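Following: one structure in structure tokens, then a few remarks.
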Amino acid sequence: MFYITKRNGSKQLFDNTKINVAINAALKSVNESPIDNPSQYINVSDGDSVETIQDQIELWLMTVNPAAAKSFILYREHHK
Numbered sequence: 000m001f002y003i004t005k006r007n008g009s010k011q012l013f014d015n016t017k018i019n020v021a022i023n024a025a026l027k028s029v030n031e032s033p034i035d036n037p038s039q040y041i042n043v044s045d046g047d048s049v050e051t052i053q054d055q056i057e058l059w060l061m062t063v064n065p066a067a068a069k070s071f072i073l074y075r076e077h078h079k
């Protein structure tokens with residue numbers, strides 16, 4: 000059990016479900032099938048920031064599906 004650092008500086012218990020939802024939403028946005036437990040491909044350490052985790056998701060998506068990575072990047076920009 001470990002924590003991540005949210006954008007406002009607070010700590011939150013890590014929940015890999017959020018990573019799974021984000022990755023599968025990016026894949027779905029480009030008409031790709033969801034992946035079972037994609038968070039297994041993202042390395043998260045105690046204290047990592049949300050931004051660091053999202054950067055890792057982007058990098059991983061770029062290797063798996065560049066169109067989904069672009070969708071994820073645009074989503075991030077829109078929600079900053």
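Position one of the sequence shown corresponds to residue 0 (numbering that gives the first Met the number 0), numbered consecutively onward. Ideal placement from N, C-alpha and C gives every residue a C-beta, glycine not left out. Here the structure is a predicted model, which means the values were calculated and not measured.
message: Mapping the DSSP letters down to three states, classify residue 32 as helix, strand or coil.
response: Residue 32 falls in the coil class under three-state DSSP.
field: Exposed unless 16 or more other CB atoms sit within 10 angstroms - verdict on residue 12
entry: exposed
message: Strictly by DSSP, which residues pair up with residue 3?
response: 11, per the DSSP bridge assignment.
Cα-Cα separation, residue 42 to residue 56: 9 Å
field: Stretch pair the segment 25-32 + the segment 4-11: three plus CB contacts closer than 8 Å
entry: no
- prompt: Any idea if residue 58 is buried or exposed, counting beta-carbon neighbours within 10 angstroms, 16 or more meaning buried?
  reply: exposed
message: To the nearest angstrom, how far is the alpha carbon of residue 39 from that of residue 31?
response: Going from the Cα of residue 39 to the Cα of residue 31 covers about 18 Å.
message: On the CB-based measure, 16 or more other CB atoms within 10 Å of its CB, does residue 70 come out buried or exposed?
response: buried
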